[in-house]
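Asks:
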Amino acid sequence: MVMSLTEKRYLQESLLSKPPVRPDGRNAEQFRPIEIFTDFLPTSNGSSKIVASDGTECVVSVKCKVVDHAIEKDLIVVDVDIAGRRDDSPLVQEISSILNRVLLLQTDQEQLRLTKKYSFKLYIDVLVLSSYSHPLTLISFAIYSALNCTQLPTLISSKDDLDVAELPTFHDYDMTELNIAVPIMFTLAICGQNVIVDPASSESDVASNGILVTWYNDKVAAPVRTIGLNEEYTRGINPQSLADSIQLIEALAPKVLGALDS
Amino acid sequence: MVLHRKRLSDGLTVTQKVFVRSRNGGATKIVREHYLRNDIPCLSRACKKCINIVVPDAKNELPVFVLSESPQKLVDGRKHYVVLDANIVLQAIDLLENPACFFDVIIPQIALDEIRNVSYPIYTRLRTLCRDSNDTKRLIIFHNEFHEDTYVERQSDESINDRNDRAIRKTCAWYGEHLKSSGISTLLLTNDRGNLERAIKEGLDAKTLAQYIELLPEAEEVKDALPNLETFSSREKDVEARSEFKFPDYYSTARVMGGIKSGVLYQGSVQISEYNFLEGQVSLPNFTKPILILGQKNLNRAFNGDQVVVELLPQTEWKAPSTVVLDSEHFNVNDNPDGDENQNEREDAISDKQRRLLVQDAIQTQKSGKVQPTARIVSITRRSWRQYVGQIAPNSVDLQNGGTQNAFVILMDRSLPKIRIHTRRARELLNKRIVIAVDSWPDTYKYPLGHFVRELGEVESVEAETEALLLEHDVEYRPFSKKVLECLPVEGADWKAPEDLSDPEATAKDPLLAKRRDLRDKLICSIDPPGCVDIDDALHAKQLPNGNWEVGVHIADVTHFVKANTPLDTEGAERSTSVYLVDKRIDMLPMLLGTNLCSLKPYVDRFAFSVLWELDANANIVNVDFTKSVIKSREAFSYEQAQIRIDDPNQVDELTQGMRALLQLSIKLKQQRLDAGALNLASPEVKVHMDSETSDPGEVEVKKLLATNSLVEEFMLLANQSVARKIYEAFPQTAMLRRHAAPPATNFESLNEMLQLRKGMSISLESSKALAASLDRCVDPNDPYFNTLVRIASTRCMMAAQYFYSGAYSYADYRHYGLAVGIYTHFTSPIRRFCDVVAHRQLAAAIGYEPLDLSHRDKNKMEFLCRNMNKKHRNAQFAGRASIEYYVGQVMRNNESEETGYVIRVFHNGIVVLVPKFGVEGLIRLENLTDDEQSAEFKADEFKLSFKAKGSEKIKDVFVFDKVTVQVKSVLDPVTSKRTAQLLLR
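Chains as they are written, first to last, in our numbering: chain B, 6 to 267; chain P, 5 to 990.
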């Protein structure tokens, strides 16, 4: 939605007031309602679909392949596709590089190890069908849900194949749940002294900066960084905002995870 | 994962089948849509409901209701149908085919699928049985997987086999419920303990095969054909038969695949030595020579011809090939079929890394010394099991025992182990040739388990022996089916070639007639062996005004009658060749064609495919032309008659002049061929003369060759070459050709060593010309037969010629080494070889006579065709030789004599002697050579066996190639009741 200068000014001022007044009446730490469906693609190993109330929709599918981990070091690959954006647009590139980095850095790849020679490699395909606000939080929720419902083929051959070579052989039907801790990411908008979660598109347009906070294994983890939400209003951030954001997420994240896991 | 059914329309629902496919180490999740319907009938005539739901199939035909409304009653008086699980069919297909039992059988589709995956031959037998037995045994396939009510979804933690068993139980339960009102009960047969228990728990009437047979009124008759399996019920009873002895376990698929991929395990087909049944060889592409497999444990239950996976043994166990003769008939003769003995087991573990080093060593070692790398079999990929012919070993039967007992069956194929069968009729079957099937070989049994299928007749009776050797060589000898015979011309024997090729009535029937050339004015004759009835070829020659010769080779036009893709064509392709036995011919094509309509009989008009050359006086080709034609042979000569006619100076008619010209030209052709390096090899071929009245074999004669033999041969070779060039030009990728590879030097190694050592001669392998020349030099002035002997030995070192399609090799590899020609095919005997039929079709297409059938333009189909031809061709040769061998044995039975023989192999415990007069070779065991076996000394490097001669103290040395005098008599082996030529050194 394109706003006039006056509208933007009005919105910016309401967000700067203390406590912030958000256009949809939310609190600073309140999310918009979301809907998540999991495991709905029969051919993939895990899948999820997330729909936000503003119409942002994102589908994630997880597929696996057996690789020799001596040759392929990176066992998780994320591919992001946002409808209406070119693959080489800054937004798509930024999101996919953040996701690849976070997942490779944070997740415990030992969980994907099959035998001494072979591992599963996960291919995470993210498709954002429509987006009206910065999609990173939603994508990260969708990946979290998809990975948590991922079922991988069960290995039936032996795990030790270093001395005596064996090709991994799998059960023809049974699957094993992928047990892996997945980081989630929150985008926050900074408006003066205020920090608000899950900024809507209009809020992003007037925010003075954005902060990305990663939550992994019950604590805030790397990366924590700024993220540009608009081009007009962006300015430097106050260190206090950073501390506020982290504090906010520490309080919020366990509740969000509780909701996602239920 | 929850699967759900979704209704698409009335009577059609869709569900999903999900499974994981592991292939090459990967894991792919596969999801298939699966459609269920409600219009699948039960096919029982007793059912009143299903008739309302049936719908016509794609051919607009309604399904036939097969199962009887009053099926067979069990001994307790119940009318019943039986539902079979896959294992029952796999184990007891013979019983299923038995006309005395198994009526009204329901095969669930899921069982059928499993059968197809496990054994395709059994699948086809079952399919044939279902197709042909509607009026007699009534077998049906019930498509339970597509039936709404009988489809079952796989549960989590359920193995696929358990799921399939459950599907079969569901089918059985459904039938029970469905036919309740008709009073027919449905029995489930399974030999699987878990399935049986679960079925009984679910309230089904389930039985094992043995229990079911007991319930049949004719139980006694069929009990013998019960397969001999290590079933759960027999396992406890049979405990005394198993002992500490145990074969090594096979490796898991994961290990085998991983090993093959990383290059430490190898896959190949095992060839058991014909002299020693405990020695096998596996030819592997990585190694220059075959890898040896020695001993029972290392062979690990492999049969001759099985596809196996092998693992190299540590270097300390590498050995030279055994120099001991060993066959299963004489090995452990006293083994008790009820017991097995102990052997020690030694484990050695080496890692893959060490194994890879071992491979390097192995390849090095093969290049050098006498010691050969050995290996052991760790997995059997595919069994070559079929039905085997054999006879019960008399000493394994307890004559006092009238009931069921275990007995050993010794198979005719000496490279196979004896089979343990369980039979009630052991005493009756003594001295009979019987057919048995192998069922299983559990690791704790020393010998494989099998069951009796049928008897062929008395040992040594002509019928039994002939059928036995046909069965053993996989020759289809049953009469042609009705479908095949329906493809023959409706006129039958009255078929006639049309008088006038432009006759409108005839051309209306056969529009291609106009393309035929009328060659009835040519003076054509045929020359064949005496008594030949299937005349494939005829010839003519005529001098042209320019002094050149017009020569024509006319081949029976079989493809005029055998059109592609008819049942007749399929049957011909399957048989691939006619098989010639001493007293019998098994035709590739029905009699009517082979000996009448196609056969180029004299004095009648016949269709032919003609090759016409213009040859100059030196037999060089000036011009060649191919045409379909109609001919009239003036005379059918035998080789001898033709020779006499040519030699008779009083005969000056045109026909004889033509024959003389042919003879002159053929001599020039032969010389050209020999100059190019064609080989003149030999085989110890003999011919058996039969007494015409009693059909008793009279005497044996070594085949003689006349000049007229080579007359026909030369022109056939010329025709084959011309045709090969033509069809290759027209179809560069799929032309039907024949090649003969140059023999690898390693094949000649041992022969050359023997020649070098014993006679100071050698065979050169640089080219076929050099080989031919060096063979000519191998002459022993004192012994004219020696050269032939070397030729026979060389023949055995040659590669076999093979059929192939041109796309399979590069042009340089098309060469026919033996004939020394660049490209070759078989064109001249379409009545008895299928290759020629294909060549005919391709040539007809190449000259624009008629379009070529797609199947001869498809590489995969040609590949399949060639493989079958090569196999059948080889089998036919073996069957022919076996037949001669049998008759030679019969002849010798009456005349014991002393003959000259040649030592062709020397073993540690015996020598092999070839007797040229009878074309037989036989082993003389050490115990028959000497009284004092301890005195014998074997020197492998000198090919020498020394021993104290019988009845004297003098040491006698026998070398390879020695000329010896032997006493030949035919004896019946007491263990195998097989008649063999027994040779005794004089």
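All C-beta atoms, glycine included, are put in the ideal place defined by N, C-alpha and C. For clarity, every value in this text was computed on a predicted model and none was experimentally measured.
Of all Cβ atoms in chain B, is any one closer than 9 Å to the Cβ of D161/P?
Replies: Chain B contact via Cβ: present.
Asks: Output the boundary residues of the beta strand (DSSP E) element that contains I888/P.
Replies: That residue, I888/P, is in no beta strand (DSSP E); its alpha helix (DSSP H) goes 863 to 898.
Asks: Using the rule of at least 16 other Cβ atoms within 10 Å of the residue's Cβ for burial, across every protein chain shown, is D352/P buried or exposed?
Replies: For D352/P, the pLDDT reaches just 47, beneath the cut-off of 50, and the residue's location in the model is therefore unreliable, although a value from the coordinates is still provided. Result: exposed.
Asks: At a CB-CB cut-off below 7 Å, which residues of chain P make contact with S162/B?
Replies: By Cβ distance, chain P contributes S256, A258.
Asks: Could you tell me the alpha carbon to alpha carbon distance between L78/P and D139/P, rounded to whole angstroms?
Replies: Whole-angstrom Cα-Cα distance: 20 Å.
Asks: Hey, would you say the C-beta of K164/B is under 8 Å away from at least one heavy atom of the ligand MG?
Replies: In the structure shown, the ligand MG is absent, as is every other ligand, since no ligand is present at all.
Asks: For the alpha helix (DSSP H) that contains C801/P, what are its first and last residues?
Replies: 789 to 801 is the extent of the alpha helix (DSSP H) around C801/P.
Asks: Any beta-carbon of chain P closer than 9 Å to the one on A151/B?
Replies: No, A151/B lies away from the interface with chain P (no Cβ there is under 9 Å from its Cβ).
Asks: Starting from H176/B, find everything on chain A with Cβ-Cβ shorter than 8 Å and list it in chain order.
Replies: The displayed structure is made up of protein chains B and P, and chain A is not among them.
Asks: How do the segment 426 to 436 of chain P and the segment 391 to 407 of chain P stand: do at least 3 beta-carbon pairs fall below 8 Å, yes or no?
Replies: The segment 426 to 436 of chain P, when compared against the segment 391 to 407 of chain P, does touch it at the 8 Å Cβ threshold.
Asks: Once DSSP output is grouped into helix, strand and coil, what is the label at C176/P?
Replies: Note: C176/P maps to helix in three-state DSSP.
Asks: For D249/B, collect the residues of the same chain with a Cβ closer than 7 Å to its Cβ; drop the 5 residues on either side in sequence, then sort them by chain order.
Replies: Around D249/B: V200.
Asks: Just how far apart, CA to CA, sit T175/P and C105/P?
Replies: Whole-angstrom Cα-Cα distance: 22 Å.
Asks: Would D130/B pass as an interface residue toward chain P - the criterion being a Cβ-Cβ separation below 9 Å?
Replies: No - not a single Cβ of chain P is within 9 Å of the one on D130/B.
Asks: Please list the terminal residues of the continuous beta strand (DSSP E) segment that includes I276/P.
Replies: Counting along the chain, the beta strand (DSSP E) containing I276/P begins and ends at 269 to 276.
Asks: To the nearest angstrom, how far is the alpha carbon of K227/P from that of L715/P?
Replies: If I take the Cα positions, the gap works out to 60 Å.
Asks: Taking only beta carbons into account, state which residues of the segment 18 to 43 of chain B come closer than 7 Å to chain P, listed in chain order.
Replies: Per Cβ criterion, the list is empty.
Asks: P204/B and Y123/B - do their beta-carbons sit closer together than 9 Å?
Replies: For Y123/B and P204/B, no; Cβs fall outside 9 Å.
Asks: Can you have a look at V656/P and say buried or exposed, based on whether 16 or more other CB atoms are within 10 angstroms of its CB?
Replies: That one is exposed.
Asks: Going by the DSSP bridge assignment, what does A379/P pair with across the sheet?
Replies: Answer is L316/P, bridged to A379/P.
Asks: Considering only C-alpha positions, which residue in the set P446/P, R82/P, L517/P is nearest to S189/P?
Replies: The option with the nearest alpha carbon to S189/P is R82/P.
Asks: Near H844/P, which residues of its chain fall below 8 Å by C-beta distance, leaving aside the five closest residues on each side in sequence?
Replies: Excluding residues within five positions, the ones whose Cβ falls inside 8 Å are I559, D561, V562, T563, F613, F831, P834.
Asks: Say whether chain P places a C-beta atom closer than 9 Å to the C-beta of N50/B.
Replies: Chain P, which has a Cβ nearer than 9 Å to the Cβ of N50/B, makes this yes.
Asks: Mind checking if R158/P is an interface residue toward chain B, Cβ cutoff 9 Å exclusive?
Replies: Judged by the 9 Å Cβ criterion, R158/P is in contact with chain B.
Asks: Can you grab the Cα-Cα spacing for the pair W220/B / V85/B, in whole Å?
Replies: Those two C-alpha atoms are separated by around 21 Å.
Asks: Name the chain P residues that come within less than 8 Å of V64/B, Cβ to Cβ?
Replies: The contacting residues do not exist; V64/B stays about 17 Å from chain P at best.
Asks: Looking at the unbroken beta strand (DSSP E) that takes in D609/P, where does it start and where does it end?
Replies: Element bounds for D609/P: 609 to 619.
Asks: Report, in whole angstroms, the separation of the C-beta atoms of V413/P and G454/P, which I expect to be a contact under 8 Å.
Replies: Sure, about 7 Å apart at Cβ, within 8 Å.
Asks: For L741/P, which option in H860/P, K943/P, S772/P, A646/P has the closest C-alpha, if you only look at C-alpha atoms?
Replies: Per the Cα distances, H860/P.
Asks: Tell me the DSSP secondary structure of S267/B in three-state form.
Replies: Note: S267/B maps to coil in three-state DSSP.
Asks: Could you name the residues of the same chain whose beta carbon sits closer than 7 Å to that of N184/B, not counting the 5 residues immediately before and after it, in chain order?
Replies: Counting only Cβ-Cβ distances below 7 Å, and skipping sequence neighbours, we find Q116.
Asks: Exposed or buried, V18/P, counting other C-beta atoms within 10 Å across all chains shown (16 or more means buried)?
Replies: Burial call: exposed.
Asks: Quick check: the Cα distance between S1050/P and A90/P, rounded to an integer number of angstroms?
Replies: Since the displayed chain P opens at 5 and closes at 990, residue 1050/P lies outside it and no answer follows.
Asks: Could you check if K588/P is buried or exposed, using at least 16 other CB atoms within 10 Å of its CB as the buried criterion?
Replies: Counting Cβ neighbours within 10 Å, K588/P comes out exposed, since fewer than 16 surround it.
Asks: List the residues of chain B that Q20/P touches, going by C-beta distances under 7 Å, in chain order.
Replies: Under the 7 Å cutoff, chain B gives P47.
Asks: L527/P: buried (16+ other C-beta within 10 angstroms of its C-beta) or exposed?
Replies: Answer is buried; the Cβ neighbour count reaches 16.
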